[in-house]
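**Student:**
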Amino acid sequence: MPTPVRTLALSPRATATGRALAAAARRRGLGCASLREWRAPERPHTIGSLYAGPLFADAVADGLGLGLLEPPMDWLAALPYELTGRHIECTTVARARTLRRPAFVKPPNDKGFPARVYPDGSGLPGPDAVDDDTPVLVSDIVSFTAEYRLFVLDGEIVTGSRYAVRGELDVVRLERDPLQEEVLGFASQLFAPGAPPLPSAVVVDVGTVDGRWAVVEANHGWASGQYACDSDAVLDVVLRAACPAAEVRPRDTRFLRQVTRAVR
Numbered sequence: 005m006p007t008p009v010r011t012l013a014l015s016p017r018a019t020a021t022g023r024a025l026a027a028a029a030r031r032r033g034l035g036c037a038s039l040r041e042w043r044a045p046e047r048p049h050t051i052g053s054l055y056a057g058p059l060f061a062d063a064v065a066d067g068l069g070l071g072l073l074e075p076p077m078d079w080l081a082a083l084p085y086e087l088t089g090r091h092i093e094c095t096t097v098a099r100a101r102t103l104r105r106p107a108f109v110k111p112p113n114d115k116g117f118p119a120r121v122y123p124d125g126s127g128l129p130g131p132d133a134v135d136d137d138t139p140v141l142v143s144d145i146v147s148f149t150a151e152y153r154l155f156v157l158d159g160e161i162v163t164g165s166r167y168a169v170r171g172e173l174d175v176v177r178l179e180r181d182p183l184q185e186e187v188l189g190f191a192s193q194l195f196a197p198g199a200p201p202l203p204s205a206v207v208v209d210v211g212t213v214d215g216r217w218a219v220v221e222a223n224h225g226w227a228s229g230q231y232a233c234d235s236d237a238v239l240d241v242v243l244r245a246a247c248p249a250a251e252v253r254p255r256d257t258r259f260l261r262q263v264t265r266a267v268r
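Offset between the sequence shown (1-based) and the numbering used here: plus 4.
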């Protein structure tokens, strides 16, 4: 009996990245299916990966038998100032509500509330909307001049794209950007020996602040938009970042996403 063709599952929400990944999957002989409901299908046995937002992924990953890799919540805060260009703390939303100064506040790995500059902690969602112990990143306010998205597999940047200049969408393939070598040189420090660890498949955003390079954030490989990145290389990252739970590599088990909140 022939081995069933593995399928890449997509969320019901159509996106440009989802369409590009579907085409890349079909080019290499993989199946592709858009899931229509916020639950796993009754026969998910051939689904081997997933591209979707965190809420939808949380709703279906267990039923699909997938393990989802994500960056540690405190990864950005664990980096030295030389790599971030700003002071960053990983704390709880309850503590962040006590802030009496402006700060940029965001959930580390989700979009449970808007990531933006808050004049002080009083503007954050209350306990009726977000649990007190919800992790958040609180950072100094900076303005990135240019921002780049990098898809990384086994510590190697496999494709990249500029996606913004001065806060406005400005997309170009990394190899066409005059700062390509600077981007790659800076980002390589994030995967050098002794750097805070990341999953083997991950997305990292970097940029420039006041003429120096800085890390923006790390993102899920299975949920990040590709901008002008190479679709085949992005698919390689997705297939590792969301794979059958039994196939998660031993070094990546510590990066498995835990679903701890209710989903619809």
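Where is the CB? At the ideal position from N, CA and C, for every residue including glycine. Keep in mind it's a predicted model, so treat the numbers as computed, not measured.
Does the beta-carbon of residue 170 have 16 or more other beta-carbons within 10 angstroms, so that it is buried, or is it exposed?
**Tutor:** Here the question's residue 170 lines up with position 166 in the sequence shown. So residue 170 counts as exposed.
**Student:** Judging by CA-CA distance, which residue of 185, 243 and 80 is the nearest neighbour of residue 205?
**Tutor:** One-based indexing of the sequence shown puts residue 205 at position 201. Ranking 185, 243 and 80 by Cα distance to residue 205 puts 243 first.
**Student:** What separation, rounded to the nearest whole angstrom, lies between the Cα atoms of residue 257 and residue 75?
**Tutor:** Here residue 257 refers to the residue found at position 253 of the sequence shown. Here residue 75 refers to the residue found at position 71 of the sequence shown. Cα-Cα distance, rounded: 12 angstroms.
**Student:** Tell whether a beta-carbon distance below 8 angstroms holds between residue 67 and residue 44.
**Tutor:** For this step, residue 67 is matched to residue 63 along the sequence shown. For this step, residue 44 is matched to residue 40 along the sequence shown. In contact: residue 67 and residue 44 (Cβ atoms closer than 8 angstroms).
**Student:** Can you tell me which of 114, 133, 106 and 23 puts its alpha carbon nearest to the alpha carbon of residue 121?
**Tutor:** Locating residue 121 in the sequence shown gives position 117, counting from the first residue. Considering only alpha carbons, the answer is 106.
**Student:** If residue 100 sits next to residue 136, beta carbons under 8 angstroms apart, how far is it from one beta carbon to the other, in whole angstroms?
**Tutor:** As a position in the sequence shown, residue 100 is number 96, starting the count at 1. As a position in the sequence shown, residue 136 is number 132, starting the count at 1. With a Cβ gap of about 10 angstroms, residue 100 and residue 136 do not count as contacting.
**Student:** Can you tell which of 177, 57, 50 and 251 has its C-alpha closest to the C-alpha of residue 228?
**Tutor:** Taking the first residue of the sequence shown as position 1, residue 228 is located at position 224. Nearest of 177, 57, 50 and 251 to residue 228, Cα basis: 57.
**Student:** Contact check, residue 39 vs residue 72 under 8 angstroms by CB: the rounded distance?
**Tutor:** By one-based count along the sequence shown, residue 39 stands at place 35. By one-based count along the sequence shown, residue 72 stands at place 68. Actually they do not touch by this definition, with Cβ atoms about 15 angstroms apart.
**Student:** Short check: CB of residue 219 to CB of residue 80, under 8 angstroms?
**Tutor:** For this step, residue 219 is matched to residue 215 along the sequence shown. For this step, residue 80 is matched to residue 76 along the sequence shown. For residue 219 and residue 80, yes; Cβs fall inside 8 angstroms.
**Student:** Which whole runs of the beta strand (DSSP E) in the segment 157-238 are 3 residues long or more, in chain order?
**Tutor:** The segment 157-238 contains these whole beta strand (DSSP E) runs: 160-169, 172-177, 205-213 and 216-223.
**Student:** Less than 6 angstroms between C-beta atoms, sequence neighbours within five positions excluded: which residues of the same chain meet that for residue 103?
**Tutor:** In the sequence shown, counting from the first residue as 1, residue 103 sits at position 99. So the qualifying residues of the chain are 124 and 125.
**Student:** Would you tell me roughly how many angstroms separate the C-alpha atoms of residue 234 and residue 164, rounded to the nearest one?
**Tutor:** In the sequence shown, residue 234 corresponds to position 230, counting from 1. In the sequence shown, residue 164 corresponds to position 160, counting from 1. Spanning the two alpha carbons is a distance of roughly 8 angstroms.
**Student:** Among 193, 200 and 238, which has the Cα closest to the Cα of residue 217?
**Tutor:** As a working mapping, residue 217 is identified with position 213 in the sequence shown. Comparing Cα-Cα distances from residue 217 to each of 193, 200 and 238, the minimum goes to 193.
**Student:** Would you decide whether residue 197 is buried or exposed? Buried here means 16 or more other CB atoms lie within 10 Å of its CB.
**Tutor:** For this step, residue 197 is matched to residue 193 along the sequence shown. Exposed, because fewer than 16 other Cβ atoms sit within 10 Å of the Cβ of residue 197.
**Student:** Report buried or exposed for residue 145, applying the criterion of at least 16 other Cβ atoms within 10 angstroms of its Cβ.
**Tutor:** Numbered from 1 along the sequence shown, position 141 holds the residue referred to as residue 145. Looking at its Cβ environment, which holds fewer than 16 other Cβ atoms inside 10 Å, residue 145 is exposed.
**Student:** Any idea what DSSP makes of residue 11, helix, strand or coil?
**Tutor:** Against the sequence shown, residue 11 aligns to sequence position 7. Looking at residue 11 - three-state DSSP - the assignment turns out to be strand.
**Student:** What does a CB cutoff of less than 7 angstroms around residue 82 pick up in its chain, not counting 5 residues either side in sequence?
**Tutor:** Start at 1 with the first residue of the sequence shown, and residue 82 comes out as number 78. The answer, listed in chain order, is 200.
**Student:** For residue 78, which option in 230, 128, 140 and 130 has the closest C-alpha, if you only look at C-alpha atoms?
**Tutor:** Mapped onto the sequence shown, residue 78 falls at position 74. That would be 140, whose Cα lies nearest to the Cα of residue 78.
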